[in-house]
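The block underneath contains the structure these notes are about, expressed in structure tokens.
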Amino acid sequence: MSQNEKVAGTQMMFLLVTTVAATGFLFLPAITAEVAGHDGWMSALLGATAFGLLVGLVCTKLGGYFPDKSFVEYAPVLVGKYPGKLVGLAYLLFFIHINSIIIREFGDFLVSAFLPETPILVFNIMVLTLAAMAVRGGIEVIARVNQFVFPQFFLVLAALVFLTIEEWEFGNLLPLLEYGIKPVLAGSVTPSAWRGEVVVILMFLPYLNKPAEAAKSVAAAVLIIAVFLTLPILAGVLVFGSEQEAHFVFPTLELARYVNVGDFLQRLEAIIIIVWVAGITVKVAVFYLASVLSASHLVGLSDYRPLVYPVGIITLVYSIVLFDNSRELVKFLAEYVPYYAYIFELGIPMVLLVIAIIRRKGGKLSGQTKFFQKDRGS
8 MSQNEKVAGT QMMFLLVTTV AATGFLFLPA ITAEVAGHDG WMSALLGATA FGLLVGLVCT
68 KLGGYFPDKS FVEYAPVLVG KYPGKLVGLA YLLFFIHINS IIIREFGDFL VSAFLPETPI
128 LVFNIMVLTL AAMAVRGGIE VIARVNQFVF PQFFLVLAAL VFLTIEEWEF GNLLPLLEYG
188 IKPVLAGSVT PSAWRGEVVV ILMFLPYLNK PAEAAKSVAA AVLIIAVFLT LPILAGVLVF
248 GSEQEAHFVF PTLELARYVN VGDFLQRLEA IIIIVWVAGI TVKVAVFYLA SVLSASHLVG
308 LSDYRPLVYP VGIITLVYSI VLFDNSRELV KFLAEYVPYY AYIFELGIPM VLLVIAIIRR
368 KGGKLSGQTK FFQKDRGS
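Next up, the structure:
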């Protein structure tokens with residue numbers, strides 16, 4: 008991807024919002040309700056937001072030392088050629104794995120909720136094909152597509168929440184912190200991993216037209232995401248109660264089916280599906296692009312496009328063999344993904360940031376220029 012290809016800070020902000028929220032608003036309500044009960048909305052709002060802000064701060068601070076390079080390109084500068092290549096390879100596999108899960112979420116949702124007789128492979132191929140077209144166009148194309156998708160996404164989510172106001176029962180939220188703070192903290196584990204998906208910014212910082220705005224853009228995205236992911240959880244508890252919400256696989260879909268405004272506006276799920284498909288396509292495209300950029304930077308290709316289809320095939324196959332059903336997928340998201348995601352979202356970037364700071368203060372690097380000179384000379 009050409010370094011001349013640039014996106015504005017606001018475009019990147021909204022792109023990150025869609026990327027994180029597209030799957031979160033469907034899967035997180037049931038997960039948080041099961042762990043934190045009627046206090047699940049606090050898990051999504053407080054702990055997860057703090058984690059997302061920390062990830063964003065670390066990633067933008069680290070990327071600030073290398074404004075013209077992606078994470079995979081500058082990792083060898085910090086930890087050495089071969090360890091750096093291993094780090095880059097690990098992130099390539101991480102992006103592919105996360106994207107496989109996203110695609111599987113897409114297919115599982117459509118099959119289990121609407122078209123149980125349709126092979127999941129059909130839906131996975133569909134979304135991956137659409138995403139591949141966007142990826143070949145580059146980050147600018149994806150950002151511009153999202154400029155159309157994001158407002159629709161916002162309006163549908165707002166309608167979903169506020170059209171159920173008449174059914175809200177605020178007693179479902181009481182007593183607050185019934186079992187103390189521990190369930191709220193435990194309930195924030197999975198939402199935090201979701202919020203940490205902003206780590207993908209590590210691959211896109213070189214394409215911001217104003218790198219100095221990176222931290223503000225990511226922080227604003229995390230705060231908007233907090234609203235996007237908290238409101239459906241809160242509305243679900245207010246309408247169904249936490250016990251009922253925890254039994255639904257997709258509480259947000261059930262909420263959409265619950266909407267009934269007179270005789271002219273009923274069952275919003277059809278509209279939600281249309282907008283959600285667009286949002287999930289953007290999310291798949293973002294992680295798809297991060298994957299092919301990682302691969303191209305690892306092998307030293309100046310053009311990532313020859314890798315789009317090979318990486319896509321690997322991702323597609325992985326999305327099929329990962330899980331047997333949607334329950335298994337949700338269990339994996341709740342019990343396993345967070346703990347390894349934390350390593351990639353915060354652990355490794357924080358270690359490399361500490362190394363960068365120490366090297367700079369130690370006199371080995373007197374600023375960004377020497378970083379780049381050392382890299383070119385190595």
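Count along the sequence shown starting at 1, add 7, and that's the number in the working numbering. Positions of the beta carbon are idealized from the N, C-alpha and C atoms, including for glycine.
For T171 against V266, the beta-carbon gap comes to about 6 Å, under 8 Å, which counts as contact.
Between T322 and G194, the gap from beta carbon to beta carbon reaches 9 Å or more.
Shown here, L22 sits in a helix according to DSSP, grouped into three states. In the three-state reduction of the DSSP assignment, V266 falls in the coil class. Counting along the chain, the unbroken alpha helix (DSSP H) around I327 starts and ends at 315-328. A straight-line Cα-Cα distance of about 11 Å links A37 and R334.
In this structure, S199 and P90 do not form a Cβ contact; the two beta carbons are roughly 27 Å apart against a cut-off of 8 Å. Straight-line measurement puts the Cα of I109 at about 25 Å from the Cα of V244.
Listed in chain order, the alpha helix (DSSP H) runs fully inside the region 141-173 are 146-169, counting runs of at least 4 residues.
A residue is called buried once 16 or more other Cβ atoms fall within 10 Å of its Cβ, and Q18 is buried on that count. If you draw a straight line from the Cα of V191 to the Cα of H304, it is about 40 Å long. Put simply, the backbone Cα of A253 is about 47 Å away from that of L308. Beta-bridge partners of L215 (DSSP): V14. For the pair A242 and L236, the Cα-to-Cα distance works out to about 11 Å. Cβ atoms of A226 and G63 come within 8 Å of each other, at about 6 Å. Taking C-beta atoms under 8 Å as the contact rule, R143 and S326 fail to qualify, at a distance of about 20 Å. When secondary structure is reduced to three states using DSSP, T125 falls in the coil class, being assigned neither helix nor strand. With 16 or more neighbouring CB atoms inside 10 Å of its own CB, G95 falls in the buried class. Secondary structure of N131 (DSSP, three-state): helix.
Taking a cut-off of 8 Å on C-beta distances, the region 171-189 does not touch the region 50-67, as fewer than three cross pairs fall below it.
The way I'd put it, the region 19-26 does touch the region 216-232; three or more beta-carbon pairs between them come closer than 8 Å. E124 and V118 have their C-alpha atoms spaced approximately 7 Å apart.
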